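First to last, the sequence lines map onto chains D and Y.
So for the first sequence, the UniProt record's numbering puts the first residue at 1; every next one is plus one.
So for the second sequence, the UniProt record's numbering puts the first residue at 1; every next one is plus one.
Note that the Cβ used here is the ideal one computed from N, Cα and C, for glycine as well.
Nothing here was measured: the structure is a model prediction, and the numbers come from that model.
There are 2 protein chains.
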Amino acid sequence: MSDVSPESTAFPTAPARAEHKGLPETGPRLLADVSLPAAVLHEASLAHNLGWMQAFCEAHGALLAPHGKTTMAPALFRRQLEVGAWAITLATAPQCRAAFVNGVTRLLLANQLVGRANMAIVAELLEAGAELWCLVDSVDNARELDAFFAERGLRLPVLIERGVPGGRCGCRSREEVLALAAVVDAAAGLELSGVEGYEGLVKAEAGASPETAVAAYAADLVDTLIALQRAGWLAVARPLVTASGSAWHDIVAEALRDAGLDERVRRVMRPGCYVTHDHGLYGEAQARVLGRRPALGEGLRPALEVFAQVQSLPEPGLAIVAMGRRDVGGDRLPRALRRYREGGTADRTLSVKGWRVETLMDQHAFVRLPEAAHEVRVGDIVAFGVSHPCLTFDKWRRLCRVNEALEVVEVLATCF
Amino acid sequence: MSDVSPESTAFPTAPARAEHKGLPETGPRLLADVSLPAAVLHEASLAHNLGWMQAFCEAHGALLAPHGKTTMAPALFRRQLEVGAWAITLATAPQCRAAFVNGVTRLLLANQLVGRANMAIVAELLEAGAELWCLVDSVDNARELDAFFAERGLRLPVLIERGVPGGRCGCRSREEVLALAAVVDAAAGLELSGVEGYEGLVKAEAGASPETAVAAYAADLVDTLIALQRAGWLAVARPLVTASGSAWHDIVAEALRDAGLDERVRRVMRPGCYVTHDHGLYGEAQARVLGRRPALGEGLRPALEVFAQVQSLPEPGLAIVAMGRRDVGGDRLPRALRRYREGGTADRTLSVKGWRVETLMDQHAFVRLPEAAHEVRVGDIVAFGVSHPCLTFDKWRRLCRVNEALEVVEVLATCF
Numbered sequence: 001m002s003d004v005s006p007e008s009t010a011f012p013t014a015p016a017r018a019e020h021k022g023l024p025e026t027g028p029r030l031l032a033d034v035s036l037p038a039a040v041l042h043e044a045s046l047a048h049n050l051g052w053m054q055a056f057c058e059a060h061g062a063l064l065a066p067h068g069k070t071t072m073a074p075a076l077f078r079r080q081l082e083v084g085a086w087a088i089t090l091a092t093a094p095q096c097r098a099a100f101v102n103g104v105t106r107l108l109l110a111n112q113l114v115g116r117a118n119m120a121i122v123a124e125l126l127e128a129g130a131e132l133w134c135l136v137d138s139v140d141n142a143r144e145l146d147a148f149f150a151e152r153g154l155r156l157p158v159l160i161e162r163g164v165p166g167g168r169c170g171c172r173s174r175e176e177v178l179a180l181a182a183v184v185d186a187a188a189g190l191e192l193s194g195v196e197g198y199e200g201l202v203k204a205e206a207g208a209s210p211e212t213a214v215a216a217y218a219a220d221l222v223d224t225l226i227a228l229q230r231a232g233w234l235a236v237a238r239p240l241v242t243a244s245g246s247a248w249h250d251i252v253a254e255a256l257r258d259a260g261l262d263e264r265v266r267r268v269m270r271p272g273c274y275v276t277h278d279h280g281l282y283g284e285a286q287a288r289v290l291g292r293r294p295a296l297g298e299g300l301r302p303a304l305e306v307f308a309q310v311q312s313l314p315e316p317g318l319a320i321v322a323m324g325r326r327d328v329g330g331d332r333l334p335r336a337l338r339r340y341r342e343g344g345t346a347d348r349t350l351s352v353k354g355w356r357v358e359t360l361m362d363q364h365a366f367v368r369l370p371e372a373a374h375e376v377r378v379g380d381i382v383a384f385g386v387s388h389p390c391l392t393f394d395k396w397r398r399l400c401r402v403n404e405a406l407e408v409v410e411v412l413a414t415c416f
Numbered sequence: 001m002s003d004v005s006p007e008s009t010a011f012p013t014a015p016a017r018a019e020h021k022g023l024p025e026t027g028p029r030l031l032a033d034v035s036l037p038a039a040v041l042h043e044a045s046l047a048h049n050l051g052w053m054q055a056f057c058e059a060h061g062a063l064l065a066p067h068g069k070t071t072m073a074p075a076l077f078r079r080q081l082e083v084g085a086w087a088i089t090l091a092t093a094p095q096c097r098a099a100f101v102n103g104v105t106r107l108l109l110a111n112q113l114v115g116r117a118n119m120a121i122v123a124e125l126l127e128a129g130a131e132l133w134c135l136v137d138s139v140d141n142a143r144e145l146d147a148f149f150a151e152r153g154l155r156l157p158v159l160i161e162r163g164v165p166g167g168r169c170g171c172r173s174r175e176e177v178l179a180l181a182a183v184v185d186a187a188a189g190l191e192l193s194g195v196e197g198y199e200g201l202v203k204a205e206a207g208a209s210p211e212t213a214v215a216a217y218a219a220d221l222v223d224t225l226i227a228l229q230r231a232g233w234l235a236v237a238r239p240l241v242t243a244s245g246s247a248w249h250d251i252v253a254e255a256l257r258d259a260g261l262d263e264r265v266r267r268v269m270r271p272g273c274y275v276t277h278d279h280g281l282y283g284e285a286q287a288r289v290l291g292r293r294p295a296l297g298e299g300l301r302p303a304l305e306v307f308a309q310v311q312s313l314p315e316p317g318l319a320i321v322a323m324g325r326r327d328v329g330g331d332r333l334p335r336a337l338r339r340y341r342e343g344g345t346a347d348r349t350l351s352v353k354g355w356r357v358e359t360l361m362d363q364h365a366f367v368r369l370p371e372a373a374h375e376v377r378v379g380d381i382v383a384f385g386v387s388h389p390c391l392t393f394d395k396w397r398r399l400c401r402v403n404e405a406l407e408v409v410e411v412l413a414t415c416f
């Protein structure tokens, strides 16, 4: 049906010659040689973040399986694995395949596996030697997976997803979990391997703090795992309990650490956005983390920016910048951080004080300037901070990794 | 600096093996063999739209230069040219290069050209034989372009952009236009070739209708062109006057037709979204067009859908569908149109009456179901209509073109 080899894309009858935006082709200087807009990763902050989260997980006795859907950049997966990540988490079967063909062999598919074409992708990954887990939250899906994988002589490792009322996927009650576990236990094509949850959608009940609610949710994941263990339904010697995005990692890691779990249980953290952090939502989430856990020190640093040029200065107080919703995530408007003159150097920055992005169109940003911005020129290069890295990464097929002199040291491909 | 050949991407040091989502690899049946979610183009509607807009422009004596930024799909550029389009419009220099290396030789860059790396791309396209126009709206930019292109012995064809107060780019007054034209006229590296505008941001003054305001704006473009012609500042025998997105094409085409322009003036229309139309913003814009111009008949048909599967049914009345902001534009929430059972056929549809997409996360949609939706199954395939094709196309590296039986007849690559 499908094939793990990237050479297998024989079907396309309308190939396009590969050309896309923002690719630095031969020139290494961001401020002179790169077609802008371009997405930029700052090496110093990136390296800091890679090490920070790895150390954080190790300090809490947890394994790190960074969510790869954030970046879908195999070069970053390699960096994450090099500093000690245990696996890469992915959101879809094609994402798992993209990671696997780029050398990632331990994959956590943090979603239900639905659709025969997607099941076929996973079957081929298992046959090719991947270690892979996916989630189940319904008897119907478990039966379908069982039939599919058993027929191929395969056994698919699954984690039961524990959800919350009003949340996304996942069993809504312990009873549902146990009923599903019994079905998985009886399924020749499935191997019950643990429990999964995502705390990002937990809502605190009236009077309770969100921190307490997240901690209680993490504790329930542990209790659920213990219940499955006691019932003899875990098919593996080293089961997994896993949770954690990038906003509540402190609470989850502590709850899993302090639950008195058997050493054989693998506690797996799955933050994704930490790798580049941001100047928006995750910056704020971190302020809350560091507010409650000052011992964590400096925390993560924003590593992702979009560089774009002033295209037009059509009216006093208005700059049109050549960057739009095709270039940057729209959760929140990007923030002007610094400005450079084209051809200049990293240490010669110009002010963006009072600059405010007002609107994003597809290919343009409307930026309001303060009265005093009369020294702005068409062609000036502005570095923008973004909110929510996931929705900026997916706008780019290539990103520039730069050093402090803003020389491009690597061009990273993405596999969205 | 850069190179028009796609083989020139020698710099990347962190290649990723090409793998991405939603690519039908060998199987031609959308409901059985394709990894979902997938973006789907319906051939019948696509062919209808291609012919409709071409006929509309011809009936109004205008040339069609469809905005290629909408799809960035060379296979669709080819279709547009085959039915008679005169050129392809693009938004950036890298987009022009992508179109050119895929066989498009007449390019309208409907933006100011800013940044030496982008100028270098355009210079190489001109040297490689492209016919290309870009916009200017400032003396500073004109001088920079002049210096860059003259130094290379090239002459860059430019159109002066006419803007509106409170709008995006473009000269805000006739005086600015004339001052800029004098500079362009004196520039050895530039060739003044006409006037450009975009009516989508025109605001009607109090008491005036938007239709009247758009018509007045189009008439002003013509007057501006005539003023340039009279001043002897047009450097070409066949100047261009160009405007029109996909929402006001009727008003613009009529205004340009009825302006009594010299036959040698090329009136160029640049709609982009018409090619797939949509189930949202552009559907509504068209209702207004057909309301004021009933003689246009049926109008355009929505041709773009996203197919995705029910992933989880965790609570009564809630389906989680495996489709998110990574798959579909977020201008407005997508709309469930039809449902199929996996492995079924195009003629066996199930109801989505009362289904309402409530929230989009990165990889998930929350869909509220009416009470009676108890026959929904995990794995059911839902066809969603989208709003604003531009922001759905850019989520996909490949799209499936299907026939009425939902067999995949072509896989189209995009070049974002």
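A Cβ of chain Y is located within less than 8 Å of the beta carbon of Gly-170/D. The DSSP-derived three-state label of His-279/D is coil. By the Cβ criterion, the region 386-393 of chain Y is in contact with the region 267-275 of chain Y, since at least three pairs of Cβ atoms, one from each stretch, lie closer than 8 Å. Taking a beta-carbon distance threshold of 8 Å, Gly-385/Y does not count as an interface residue toward chain D. Using a Cβ-Cβ cut-off of 7 Å, Ser-312/D is close to Gln-112, Asp-137, Ser-138 and Cys-169 of chain Y, given in chain order. Residue-level contact by beta carbon fails for Asp-278/D and chain Y, as no gap is shorter than 8 Å.
Between Val-306/D and chain Y, the shortest Cβ-Cβ separation is not below 8 Å. In this structure the region 72-80 of chain Y does not touch the region 120-129 of chain Y; the number of beta carbon pairs closer than 8 Å is below three. Contact of Glu-342/D with chain Y is assigned, a C-beta pair being separated by under 8 Å. Nearest in C-alpha terms to Arg-401/D, of all of Ala-372/D, Val-409/D and His-279/D, is Val-409/D. Put simply, the backbone Cα of Met-361/D is about 17 Å away from that of Pro-165/Y.
If only complete runs of 4 or more residues are kept, the region 36-121 of chain Y shows the alpha helix (DSSP H) at 43-59, 74-82 and 93-101, in order along the chain. Residue burial annotation: Thr-224/D is buried, with at least 16 other C-beta atoms found within 10 angstroms of its C-beta. Counting the other CB atoms within 10 Å of its CB gives Ser-209/D a total below 16, which places it among the exposed residues. Among the CB atoms of chain Y, one or more fall inside 8 Å of the CB of Leu-391/D. Per DSSP, the beta-bridge partners of Trp-133/D are Leu-108/D. Taking 8 Å as the CB threshold, Glu-144/D lines the interface with chain Y. In summary, Ser-173/D is exposed, with fewer than 16 beta-carbon neighbours lying within 10 Å of its beta-carbon over all protein chains present. Segment contact: the region 229-241 of chain D against the region 181-201 of chain D, three or more CB-CB distances shorter than 8 Å; contact assigned. Restricted to the region 193-229 of chain D, not a single alpha helix (DSSP H) segment is unbroken, complete and at least 4 residues in length. Under the Cβ distance rule, His-364/D counts among the residues neighbouring chain Y, one pair being separated by less than 8 Å.
In summary, Arg-356/Y is exposed, with fewer than 16 beta-carbon neighbours lying within 10 Å of its beta-carbon over all protein chains present. Taking all protein chains in view, the Cβ of Glu-161/Y is crowded by 16 or more other Cβ atoms within 10 Å, so the residue is classified as buried. Taken through DSSP and simplified to helix, strand or coil, Cys-400/Y comes out as strand. Straight across, the Cα-Cα distance linking Gly-324/D with Leu-154/Y is about 30 Å. In this structure, the beta-carbon distance from Ala-39/D to Leu-399/D falls below 8 Å.
By the C-beta criterion, the region 309-318 of chain D is judged not to be in contact with the region 286-300 of chain D, since fewer than 3 inter-stretch pairs fall below 8 Å. The beta carbon of Gln-309/D falls within 8 Å of a beta carbon belonging to chain Y, placing the residue at that interface.
The way I'd put it, the region 319-334 of chain Y does touch the region 365-384 of chain Y; three or more beta-carbon pairs between them come closer than 8 Å. Straight through space, the alpha carbons of Glu-199/Y and Arg-267/Y are spaced by roughly 15 Å.
Annotation: the continuous alpha helix (DSSP H) that includes Thr-392/Y extends over 390-393.
DSSP lists no beta-bridge partner residue for Arg-264/D.
Chain-order list of chain D residues neighbouring Asp-394/Y: Arg-326 and Lys-395, by C-beta distance under 8 Å. Within chain Y, the residues placing a beta-carbon under 7 Å from that of Ile-320/D are Arg-168 and Cys-169, ordered along the chain. Glu-358/D counts as exposed, since fewer than 16 other beta carbons sit within 10 angstroms of its beta carbon. Taking the beta carbon of Asn-141/Y as reference, the chain D residues within 9 Å of it are Gln-311, Ser-312, Val-378 and Gly-379, listed in sequence order.
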